[in-house]
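Every letter in the sequence shown is one number past the one before it in the numbering used here, and letter 113, counting from 1, is 133.
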Amino acid sequence: MEHGERYAYPILLIKKLIEDNPSSELVIVYDIACKIHSHLLKTKQADIAEAVELVLPCWHAYGHSAACQVLFSTKWVSGCGLTDGEGMERLWAYLRPFSAMTKEMTPAHRIDLLTDALTHYRDMKEHDIIESVQARSEKAEMLAKQAISELHLLLQTECDGLYSQEDVKKWMAEEKNLLAQKAKQKPTMNWKEQYVSKLQLYENLRSMLAVCEGDRVVILNEHCEEMNNELINIELKNDIGTRWQATDPEFLENLGHLEKQQKITLLKKIHQDVAEYSFLQELRRKYSDGQKAASRVSNQISKASRAIDKDVQRNNDTNFKTNDQFPRHISRHDVLNMEHYMFSLLEDQSVGDSVALTTKRKAVQLLRAAHRAIEEEELSRREKASIVGYYTTKLNEITEYLEQQEQQVEEDVSLHDVGFKCLLLQRCNKLQNRVSRAHQIFSEFGSPEYIVMYE
Ligand SMILES: [Zn+2]
């Protein structure tokens, strides 16, 4: 199968889901949500990407870059509540023992057995759905309260009460921006800067040509000529009579602009890589060694760490000629300090608040936790309404059917009818129990809203 085709199946399913649920807010949790998302954008299907929320399961997200995490993890995307999105993994874990059992079976038997197993799984889920939804909503309420009070305390103690939740929202947006945007943007150059950059390249090629031997001379010579032609073109177009020399004030001025832009681009990249590194480091601290989440994050940390080493190397290898306020030689130690003065040279850095990054991140994490927990409360409220609604509808359907039968068949009752009626009455009884159980549990813990929603 071609690489692109592998996305075709999930995309087909997503389209079908959108078609079938035109008015719902769909959140689709998928191991490669980030890849599907960028594939959709690349293949001009942005409308699909906008119609649904594509999300990474929370534990899987730890194996992705920080950018993927802030854009796609269930912990960051609004609307996810407290779901970890790993429900399918639990189903696979439940089904795993059946693989040895069904391996030698005929396909028909295998399907039968797996159907039984899955029916049992569903029954187990249904058996305690009332209690589990109630437990979920209580947990959500508790977590929301806890996160909000911790956030309040943090803002009081570590930020002297100078900042509000609104500020934390801003910090969250900043964090997302910083980690999610990739420093791909190449500096834009005017013709003078382009001319200077080509002049430099030409000089470099010529000095290389002077020392090389053999076949390479021919190739380099060609390059030199090409570059010279490009330079001549620029000179003709812009009326430059004599070629600029490396000592000309105009050359130096434009070289200064050029180098400053290059330096800023590099600095932005360093800043992002370091932000990613420290973000992952903090995430790693939450888990003890040997935990799967820890090793997933550790892999990402090594990647981010290598990127930083490369950045430092690149910075130190680049020999800028003009004088500026940027440090020429930096060490890994310098860049890992996000408060280092070189980062304050980035213009779009948010200035004006003196809150430490770690504090900001703690606050952002608490606010996120609060948001997700509040969403979870809302989601479980809806689920309660739909549980009561489901049972009541079923109950009404059966009762109505039984009443109809009662009127129609007075005499001539077969044994089959008696048995069927008996089964239905049993079912009615069970449903009645479920409905009253739901009412009892849900209202006992003070959430009468679900009834309003249902009615
Ligand atoms: Zn990813």
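For glycine and all other residues, C-beta sits at the position ideal for the given N, C-alpha and C.
Bear in mind the structure is a predicted one, so any value in this text is a computation, not a measurement.
Helix, strand or coil at L365 [DSSP, three-state]: Numbered from 1 along the sequence shown, position 345 holds the residue referred to as residue 365. Correct three-state label for L365: coil.
Counting along the chain, where does the alpha helix (DSSP H) carrying A124 start and finish? Here residue 124 corresponds to residue number 104 of the sequence shown, with the count starting at 1. Per the sequence shown, the amino acid found at residue 124 is Glu instead of Ala. Run containing E124: none; DSSP gives neither H nor E here.
At the level of alpha carbons, what is the spacing between A203 and T285? The count along the sequence shown starts at 1 and reaches residue 203 at position 183. The count along the sequence shown starts at 1 and reaches residue 285 at position 265. Confidence in A203 is poor, its pLDDT being 48 and thus under 50, which makes the residue's placement unreliable; the coordinate value appears in the next sentence. Spanning the two alpha carbons is a distance of roughly 7 angstroms.
Taking 7 angstroms as the cut-off, is the CB of S85 close to at least one heavy atom of ligand 1? What you label residue 85 is simply residue 65 of the sequence shown in a count that begins at 1. True, at least one ligand heavy atom lies under 7 angstroms from that Cβ.
Return the chain-ordered list of same chain residues with a C-beta closer than 8 angstroms to the C-beta of L174, the five sequence neighbours on each side being excluded. Counting from one through the sequence shown, the residue named residue 174 turns up at place 154. Counting only Cβ-Cβ distances below 8 angstroms, and skipping sequence neighbours, we find T379, K382, A383, L386.
Look at the alpha carbon of I68 and the alpha carbon of H172, and state the distance between them as a whole number of angstroms. As a first step, residue 68 is located in the sequence shown; it is residue number 48 there, counting from the start. As a first step, residue 172 is located in the sequence shown; it is residue number 152 there, counting from the start. Approximately 39 angstroms between the Cα atoms of the pair.
Please report the Cβ distance between V332 and V355, rounded to the nearest whole angstrom; I am assuming they are in contact, meaning their Cβ atoms lie under 8 angstroms. The count along the sequence shown starts at 1 and reaches residue 332 at position 312. The count along the sequence shown starts at 1 and reaches residue 355 at position 335. Rounded, the Cβ-Cβ distance is 6 angstroms, consistent with contact.
Rounded to whole angstroms, what's the CA-CA distance from N222 to D329? Just pull it up for me. Taking the sequence shown and counting its residues from 1, the one referred to as residue 222 is at position 202. Taking the sequence shown and counting its residues from 1, the one referred to as residue 329 is at position 309. The identity of residue 222 in the sequence shown is Tyr, whereas the question assumes Asn. About 29 angstroms.
Taking only the alpha-carbon atoms, compute the straight-line gap between S58 and D40 and give it to the nearest angstrom. As a position in the sequence shown, residue 58 is number 38, starting the count at 1. As a position in the sequence shown, residue 40 is number 20, starting the count at 1. Whole-angstrom Cα-Cα distance: 24 angstroms.
For E359, the three-state DSSP class (helix, strand or coil): Position 339 of the sequence shown, counted from the first residue, corresponds to residue 359. Note: E359 maps to coil in three-state DSSP.
Answer yes or no: do V455 and L415 have a C-beta to C-beta separation smaller than 8 angstroms? What you label residue 455 is simply residue 435 of the sequence shown in a count that begins at 1. What you label residue 415 is simply residue 395 of the sequence shown in a count that begins at 1. Yes.
Going by beta carbon distance, what residues of the same chain come within less than 7 angstroms of A200, once the five residues before and after it are set aside? Reading the sequence shown from its first residue, position 180 is the one you call residue 200. Cβ within range, chain order: A87, V90, L91.
Between A389, C442, R457, K441, which has its C-alpha nearest G99's C-alpha? Residue numbering aside, residue 99 sits at position 79 when the sequence shown is read from its first letter. When only C-alpha atoms are compared, the closest one is A389.
Hey, out of K35, N224, I321, whose CA is closest to Q65's CA? By 1-based counting over the sequence shown, the position of residue 65 is 45. Minimum Cα distance to Q65 is reached at K35.
Please identify the residue among R142, A324, E45, R156 whose C-alpha is closest to the C-alpha of R477. Nothing can be reported for residue 477, as the shown portion of the chain is limited to 21 through 475.
Could you please give the first and the last residue of the uninterrupted beta strand (DSSP E) stretch that includes L163? As a working mapping, residue 163 is identified with position 143 in the sequence shown. Here L163 belongs to no beta strand (DSSP E); instead the alpha helix (DSSP H) covers 149 to 178.
For Q425 and E151, I'd like the C-alpha separation in whole angstroms. One-based indexing of the sequence shown puts residue 425 at position 405. One-based indexing of the sequence shown puts residue 151 at position 131. When rounded, the distance between both Cα atoms is 35 angstroms.
Per DSSP, what kind of secondary structure is A203 in: helix, strand or coil? In the sequence shown, the residue the question calls residue 203 occupies position 183. Because the pLDDT of A203 is 48, which lies under 50, any placement of that residue in the model is unreliable, and the number read from its coordinates should be weighed accordingly. Correct three-state label for A203: coil.
Quick check: does the Cβ of C78 come within less than 7 angstroms of any heavy atom belonging to ligand 1? On the sequence shown, position 58 is the one that residue 78 refers to. No.
Local conformation of S93 per DSSP, three classes: Translated into positions along the sequence shown, residue 93 becomes position 73. DSSP places S93 in strand when its eight states are reduced to three.
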